[in-house]
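Chemist:
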Amino acid sequence: MLSPALVIASSFAYLLLLFAVAYWADRRAQAGRSVIANPWTYALSLAVYCTAWTYFGSVGRAASGGVWFLPIYLGPTLVMVLGWIVLRKMIRIAKAYRITSIADFIASRYGKSPLLAGLVTLIAVVGIVPYIALQLKAVSAGYALLTVPGGVAEAAHWSRDSAFYVALVLAGFAMVFGARHLDTTERHEGMVAAIAFESVVKLVAFLMVGFFVVYGLFDGLGDLFARAQAVPQLQQLLRLEQGGQFAWAQWFGLMLLSMFSVVFLPRQFQVMVVENVREDHLRRAVWVFPLYMLLINLFVLPIALGGLLYFGPGQGNAENFVLSLPLAAGQHALALFAFVGGLSAATGMVIVETVAVSTMVSNELVLPLLLRWRHLRSSGGQDFTRLLLGIRRAAILGVLVLGYVYFHLAGEAYALVSIGLISFAAVAQFAPVVLGGMYWKGGTRLGALAGLLAGFLMWAYTLMLPSIAKSGWLDMGFIAHGPWGLAWLRPEQLLGLQGFDGLTHSLFWSMLANVVAYVGVSLWRAPSGREASQALLFVDVFERTAGSSPVFWRGRANTQDLLRLCERFLGAAKAQALFDGYAQRMGVRHALALRPDARLVQFVETQLAGAVGSASARALVASVAEEETLSPEDVLRILDEASQIRAYSRALEGKSRSLEQATAELRAANEQLQSLDRLKDDFMSSVTHELRTPLTSIRALAELMQDDAGMPQAQRQQFVGIIVAETERLTRLVNQVLDMAKIESGHAEWHVAPVDMRALVQRAVATTAEVFRERAAQVQVQLPDEAPVLQADPDRILQVLLNLLSNAAKFVPSPGGRVQVRLVPDAQGVTVCVQDNGPGVQPGHEAMIFDRFHQTDLGVQVAHGTGLGLPISRHIAEHFGGRLWLEPSAQPGACFCFWLPRQAPSSGDKNP
Amino acid sequence: MLKGLGSQRLVALFAGGWVLFNFPLLGLWDRDATVWGIPLFPAALFLLWGGLIAVLAWLMEWPEDRLADRSEERPDDRAGGVPPPPAPPQE
Chain G
1 MLSPALVIAS SFAYLLLLFA VAYWADRRAQ AGRSVIANPW TYALSLAVYC
51 TAWTYFGSVG RAASGGVWFL PIYLGPTLVM VLGWIVLRKM IRIAKAYRIT
101 SIADFIASRY GKSPLLAGLV TLIAVVGIVP YIALQLKAVS AGYALLTVPG
151 GVAEAAHWSR DSAFYVALVL AGFAMVFGAR HLDTTERHEG MVAAIAFESV
201 VKLVAFLMVG FFVVYGLFDG LGDLFARAQA VPQLQQLLRL EQGGQFAWAQ
251 WFGLMLLSMF SVVFLPRQFQ VMVVENVRED HLRRAVWVFP LYMLLINLFV
301 LPIALGGLLY FGPGQGNAEN FVLSLPLAAG QHALALFAFV GGLSAATGMV
351 IVETVAVSTM VSNELVLPLL LRWRHLRSSG GQDFTRLLLG IRRAAILGVL
401 VLGYVYFHLA GEAYALVSIG LISFAAVAQF APVVLGGMYW KGGTRLGALA
451 GLLAGFLMWA YTLMLPSIAK SGWLDMGFIA HGPWGLAWLR PEQLLGLQGF
501 DGLTHSLFWS MLANVVAYVG VSLWRAPSGR EASQALLFVD VFERTAGSSP
551 VFWRGRANTQ DLLRLCERFL GAAKAQALFD GYAQRMGVRH ALALRPDARL
601 VQFVETQLAG AVGSASARAL VASVAEEETL SPEDVLRILD EASQIRAYSR
651 ALEGKSRSLE QATAELRAAN EQLQSLDRLK DDFMSSVTHE LRTPLTSIRA
701 LAELMQDDAG MPQAQRQQFV GIIVAETERL TRLVNQVLDM AKIESGHAEW
751 HVAPVDMRAL VQRAVATTAE VFRERAAQVQ VQLPDEAPVL QADPDRILQV
801 LLNLLSNAAK FVPSPGGRVQ VRLVPDAQGV TVCVQDNGPG VQPGHEAMIF
851 DRFHQTDLGV QVAHGTGLGL PISRHIAEHF GGRLWLEPSA QPGACFCFWL
901 PRQAPSSGDK NP
Chain S
913 MLKGLGSQRL VALFAGGWVL FNFPLLGLWD RDATVWGIPL FPAALFLLWG
963 GLIAVLAWLM EWPEDRLADR SEERPDDRAG GVPPPPAPPQ E
């Protein structure tokens, strides 16, 4: 037993902590460092789905029905599988059109109908009242268990009833969290942060209790299950068919119901769609949220079985096992923490749910009625923001009081889960009109109204009325025999339909009526202009938001009036800032200089929609502008224009892309030309340098001989000898340049004949033998016994060989030089390698040495070279279909190889 | 709605999950057996559930298009412009 003061103080401390988290998050958001702008917080905020129902109710359900607590979580898991497809579209729509609630979403889709918005709000309020009652019941029952001996709260007068005070406190907190100030996007950073925090608390608390039961009270899972298996009653709980036939229809119905609920419950829509910061967060949230549900459900069955074993079957309320087990075992601190976890689960749900519903009530129910008074609508300059906040706070209080009343009317006779399911069935009625509206353009306002109304009435008749009747407030004969004794009108066996439990029966009839009425009435008449335009904006949202979206509005407006309208509903400073920002984007200096065109009107309407809902915003804008009614033909025409503009801009984009590409190609070509030009200049300077060196010496010697007539004959002979050698070198150089030019231009002459490579190699070695002897180098020749005969030009091949050999001769060290020539035939041709033990090629220069234009410095370094030998050789090898390369050998020195095919390709005969 | 392989995989996973968790496949696990001391039926339910979440996480965190984007972003080694080096020692 714990003292009431301790429990109350702990609860308040926890609520204050929640508020501190929210306050901190709000401050961070203002500083631009949002804490909720990450996928983990988003996923945790989705876990507001797990309420006191999960925390207390699931255990109760498991204690009586085994795995029956699970379909409520399997359904949402499956929804999350499709989340990236369906929810992302919903989020995109809500962001594009500033949707602030599920009522706003539906009303906006069906032509911004205020009537529809009001109906949805009404269904939501009536529908979630039982759900609120569930939370109050759970918290007050938990409180009673902890503080009252025996654990049962006596039926007290309301002024001494803990549930009443719980309701009041929660209302206060919901006001503080959700209705402190007005936001045009209806987003509450602080609230979401607090929700994410409470999700962590309730998970940790529940897991701790689970661990305590499994490992503290029992000897692990195996022990727990083994002992449960020994009790026949408990053994049933671990099986599917618990004695009778398994109710597949109910299982299916529960999964379907929870699939709808996880999206369409006002609080789920709020955290999932309205509070979403970035679409991309959904990518992680779709699997983290199911994982959260899996974790929080892991110990439900063990706690239920543990409680039943500990207290004995039928003893104690299974819904309170989470608290009563630690308490009975004397773990008071754990019991208190478990209570805080349960409080956490209930608070989170109540805060978000009431904030979402209060937004709907103020925007879709109260404000449209107020706007009917002309003086509120057009005249007067008073600020509406305070009024809006007041309405919201009143709505929060109202919903909680309704929840309290329901708790007293019907709640006490029902299990937690059964109460929650009544709410689930109510919000499931939104599914056809929302999903239909997102994927089917044919749905109309009347169809949606008919569908919702039919579904809601069917729900009220087959589920809500029986729940009240069973609590003793209505005559039970009404349930058993039907109204006025008409048996076919019995609420739980409508038209005599049997074999279903009450929930599945109600779900079947209400969904059937809903879908039939929605589709039937929608097909009755073609959509009007406004309906058609909204349908297009919703169904094709991914195409519409990608580029320029069409504006479905025609009429006359006044910028001044629009600004004044914004000031009244958003506050003067905010409105002015919005207009200035818009003017800046449009390139207009002053807000009042803006042209009041359709785009400005749409901008104003969207901004207002964020504060007062789309239907009210529509009415407000219509009150200050002279509008023309759009026909479906107009909508099509506007759409046509928009798609034409989009097509033009796409074509323009394509054109500019291809232009960019062409420019890039031209630039590349130009750069190549410039570099070639530069290389040509380098080559010219290299060639002239090469020509000048011998010319200079020839000229000097000739001048000497000219000036000195009496030069001795011997010296004159020596000079003439030098002159002849230099001219020979000149001739060689000029010949090579010409040769290169000829080969490159394709005018070279080729005389193809059979070539014996063995003989050719031997001839080349013999020719250069003198040079090697002068440099005291050894030449080693490795020839196979037999070498293939090639079809090539023997003189040219010899030229290549001589070039490689003379290169080797130049670079081997003067004493101790070694050169190796290898001839290796293969199936296709023959490879010749010339290996020397010189300095080798510098790393990184392997590719450059074949480039004739990069020989500039070489000419200086190697007096005898022309810088053209290797490029010419490579050209020759390639001409005969072979190649020439530098072997990347690990040995010191260089190894040049060329390979020639046996039969030159046909191009070799091109120039005979 | 179903453009791209990713979306089609998600729809297939949804259909698979729906079939696994309903009549009659769910009934296959309803046997008088235990795994690691835990009765087969609850254990199978949680394992199936966890498996579904794992596949979903895999699909969402490593989607095809994101992989494709990454390979495009890989820097091209050849693009690094090396200034022309000085002349090699050998012709």
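Here the protein sequences come in this chain order: G and S.
Counting along the first sequence from 1, when you hit position 286 you're at 286 in the working numbering, and nothing is skipped either side.
Counting along the second sequence from 1, when you hit position 35 you're at 947 in the working numbering, and nothing is skipped either side.
Heads up, the beta-carbon is just placed ideally off N, CA and C, and yes, glycines get one too.
Note that the structure is a prediction, hence the values are computed from the model and not measured.
Going by Cα to Cα distance, which pick from VAL274/G, VAL401/G, PHE19/G is closest to LEU46/G?
Modeler: As a first step, residue 46/G is located in the first sequence; it is residue number 46 there, counting from the start. Checking every option, the nearest Cα to that of LEU46/G belongs to VAL274/G.
Chemist: Taking the alpha-carbon positions, what's the TRP40/G to ILE99/G distance?
Modeler: Here residue 40/G refers to the residue found at position 40 when the first sequence is read from its first residue. Here residue 99/G refers to the residue found at position 99 when the first sequence is read from its first residue. Cα-Cα distance, rounded: 24 Å.
Chemist: The beta strand (DSSP E) spanning PHE958/S covers which residue range?
Modeler: Translated into the one-based positions of the second sequence, residue 958/S becomes position 46. First-last for PHE958/S: 952-973, but that is the alpha helix (DSSP H), not the beta strand (DSSP E).
Chemist: Taking Cβ-Cβ distances shorter than 7 Å, what residues in chain G pair up with GLY949/S?
Modeler: The count along the second sequence starts at 1 and reaches residue 949/S at position 37. What GLY949/S touches in chain G: LEU221, GLY222, PHE225, ALA226.
Chemist: Would you say MET684/G lies against chain S (beta-carbon separation less than 8 Å)?
Modeler: Here residue 684/G corresponds to residue number 684 of the first sequence, with the count starting at 1. No, its Cβ sits nowhere closer than 8 Å to a Cβ of chain S.
Chemist: Find the nearest neighbour of PRO815/G within the set ARG773/G, MET464/G, LYS655/G, judged by alpha-carbon distance.
Modeler: Start at 1 with the first residue of the first sequence, and residue 815/G comes out as number 815. Considering only alpha carbons, the answer is ARG773/G.
Chemist: Helix, strand or coil: how does DSSP classify PRO825/G here?
Modeler: Residue 825/G sits at position 825 when you count from the first residue of the first sequence. Residue state, collapsed to three classes: strand.
Chemist: Looking at chain G, is there any beta carbon in it that lies within less than 8 Å of the beta carbon of LEU937/S?
Modeler: Taking the first residue of the second sequence as 1, we reach residue 937/S at position 25. Answer no: the Cβ-Cβ gap between LEU937/S and chain G never drops below 8 Å.
Chemist: Counting contacts by CB-CB distance shorter than 8 Å, is ALA969/S in contact with chain G?
Modeler: Numbered from 1 along the second sequence, position 57 holds the residue referred to as residue 969/S. At least one chain G Cβ lies under 8 Å of ALA969/S.
Chemist: I'd like to know whether the C-beta of LEU917/S is nearer than 8 Å to at least one C-beta of chain G.
Modeler: As a position in the second sequence, residue 917/S is number 5, starting the count at 1. So no, LEU917/S is outside the interface.
Chemist: Output the distance between the C-alpha atoms of ALA792/G and LEU701/G, rounded to the nearest integer angstrom.
Modeler: As a first step, residue 792/G must be located in the first sequence, where it is residue number 792. As a first step, residue 701/G must be located in the first sequence, where it is residue number 701. Cα-Cα distance, rounded: 43 Å.
Chemist: Which same chain residues end up closer than 8 Å to PRO901/G when comparing Cβ atoms and leaving out the 5 residues on each side of it in sequence?
Modeler: In the first sequence, counting from the first residue as 1, residue 901/G sits at position 901. The residues are LEU790, GLN828, GLY829, PHE880, GLY881, GLY882.
Chemist: Within this structure, are the beta carbons of PHE542/G and VAL434/G separated by less than 8 Å?
Modeler: For the purposes of this step, residue 542/G is taken as residue 542 along the first sequence, with counting starting at 1. For the purposes of this step, residue 434/G is taken as residue 434 along the first sequence, with counting starting at 1. No, these two residues do not count as a Cβ contact at 8 Å.
Chemist: Leaving out five residues on either side along the sequence, give the residues of the same chain with a beta carbon under 7 Å from the beta carbon of LYS742/G.
Modeler: Start at 1 with the first residue of the first sequence, and residue 742/G comes out as number 742. Only ALA748 meet the Cβ criterion.
Chemist: Whose CA, out of GLN736/G, LEU798/G, ALA787/G, ASN735/G, lies closest to the CA of TRP766/G?
Modeler: Residue 766/G sits at position 766 when you count from the first residue of the first sequence. Checking the sequence shown, residue 766/G turns out to be Ala, not Trp. Minimum Cα distance to ALA766/G is reached at LEU798/G.
Chemist: How would you write the range of the alpha helix (DSSP H) that PRO871/G sits in, first residue to last?
Modeler: To locate residue 871/G, count along the first sequence from 1; it is residue 871. First-last of the alpha helix (DSSP H) with PRO871/G: 869-879.
Chemist: So which residues of chain G does GLY929/S contact, with C-beta pairs closer than 9 Å?
Modeler: Within the second sequence, the letter at position 17 stands for residue 929/S. The answer, in chain order, is LEU74, THR77, LEU78, VAL81.
Chemist: Near GLY963/S, which residues of its chain fall below 8 Å by C-beta distance, leaving aside the five closest residues on each side in sequence?
Modeler: As a position in the second sequence, residue 963/S is number 51, starting the count at 1. Cβ within range, chain order: n/a, list empty.
Chemist: Let me see if you follow: with CB-CB separation under 8 Å, is LEU18/G close to chain S or not?
Modeler: Position 18 of the first sequence, counted from the start, is the residue given in the question as residue 18/G. With 8 Å as the cut-off, LEU18/G does not count as an interface residue toward chain S.
Chemist: Between the Cα of SER616/G and those of ARG393/G, GLN493/G, CYS566/G, ALA133/G, spot the shortest distance and give me the residue it belongs to.
Modeler: If you number the first sequence from 1, residue 616/G lands on position 616. Comparing Cα-Cα distances from SER616/G to each of ARG393/G, GLN493/G, CYS566/G, ALA133/G, the minimum goes to CYS566/G.
Chemist: SER530/G versus chain S: which residues are under 7 Å apart at the beta carbon?
Modeler: Translated into positions along the first sequence, residue 530/G becomes position 530. According to the sequence displayed, residue 530/G carries Arg and not Ser. Simply none; closest approach about 25 Å.
Chemist: Express the C-alpha separation of ARG445/G and HIS332/G in angstroms, rounding to a whole number.
Modeler: Working through the first sequence from its first residue, we reach residue 332/G at position 332. Working through the first sequence from its first residue, we reach residue 445/G at position 445. Whole-angstrom Cα-Cα distance: 57 Å.
Chemist: Taking its Cβ as the centre, do 16 or more other Cβ atoms sit within 10 Å of ALA359/G, making it buried, or is it exposed?
Modeler: Counting from one through the first sequence, the residue named residue 359/G turns up at place 359. A small fix is needed here, since residue 359/G is Thr in this sequence, not Ala. The residue in question, THR359/G, is buried, as its Cβ has 16 or more Cβ neighbours within 10 Å.
Chemist: Could you list which residues in chain S have their beta carbon closer than 8 Å to that of PHE252/G, in chain order?
Modeler: Position 252 of the first sequence, counted from the start, is the residue given in the question as residue 252/G. Those are ASN934, PHE935, listed as they occur along chain S.
Chemist: Are the CB atoms of ALA338/G and VAL209/G nearer to each other than 8 Å?
Modeler: Locating residue 338/G in the first sequence gives position 338, where the first residue counts as 1. Locating residue 209/G in the first sequence gives position 209, where the first residue counts as 1. Taking 8 Å as the Cβ cut-off, ALA338/G and VAL209/G qualify as a contacting pair.
Chemist: Looking only at C-alpha atoms, which of ALA808/G, ASN803/G, ARG758/G sits nearest to GLU786/G?
Modeler: Position 786 of the first sequence holds residue 786/G. Taking only the C-alpha atoms, the option nearest GLU786/G is ARG758/G.
Chemist: Interface residues of chain S around MET255/G at Cβ under 9 Å?
Modeler: Your numbering for residue 255/G matches position 255 in the first sequence. Correct list: TRP930, PHE933, ASN934.
Chemist: Would DSSP call GLU887/G helix, strand or coil?
Modeler: If you number the first sequence from 1, residue 887/G lands on position 887. Three-state result, GLU887/G: coil.
Chemist: If the cut is a Cβ gap below 9 Å, which residues of chain G does TRP961/S touch?
Modeler: Within the second sequence, numbered from 1, the residue matching residue 961/S stands at position 49. Within chain G, the residues near TRP961/S are LEU70, TYR73, LEU74, THR77, PRO290, MET293, LEU294, ASN297.
Chemist: Check whether the Cβ atoms of GLY178/G and LEU507/G sit closer than 8 Å, and answer yes or no.
Modeler: Residue mapping note: residue 178/G aligns to position 178 of the first sequence, counting from 1. Residue mapping note: residue 507/G aligns to position 507 of the first sequence, counting from 1. No, the pair does not count as a contact, with Cβ atoms beyond the cut-off.
Chemist: Alpha carbon to alpha carbon, what distance is there between GLN782/G and ASP756/G?
Modeler: Position 756 of the first sequence, counted from the start, is the residue given in the question as residue 756/G. Position 782 of the first sequence, counted from the start, is the residue given in the question as residue 782/G. Roughly 15 Å separates the two Cα atoms.
Chemist: So what's GLN820/G in DSSP terms, helix, strand or just coil?
Modeler: Residue numbering aside, residue 820/G sits at position 820 when the first sequence is read from its first letter. Three-state DSSP puts GLN820/G in a strand.
Chemist: Please report how far the alpha carbon of PHE225/G lies from the alpha carbon of LEU309/G, in whole angstroms.
Modeler: Along the first sequence, one-based indexing puts residue 225/G at 225. Along the first sequence, one-based indexing puts residue 309/G at 309. Whole-angstrom Cα-Cα distance: 10 Å.
Chemist: If we cut at 8 Å on Cβ distances, does ARG914/G have a partner in chain S?
Modeler: The question about residue 914/G has no answer here: the residues shown for chain G are numbered 1 through 912.
Chemist: Contact between the region 133-145 of chain G and the region 394-410 of chain G: three or more CB pairs below 8 Å?
Modeler: Short answer: they touch.
Chemist: Between GLY118/G and LEU365/G, how many whole angstroms is the CB-CB distance? I'm expecting something under 8 Å.
Modeler: Taking the first sequence and counting its residues from 1, the one referred to as residue 118/G is at position 118. Taking the first sequence and counting its residues from 1, the one referred to as residue 365/G is at position 365. Indeed, because the Cβ distance is near 5 Å, the residues count as touching under 8 Å.
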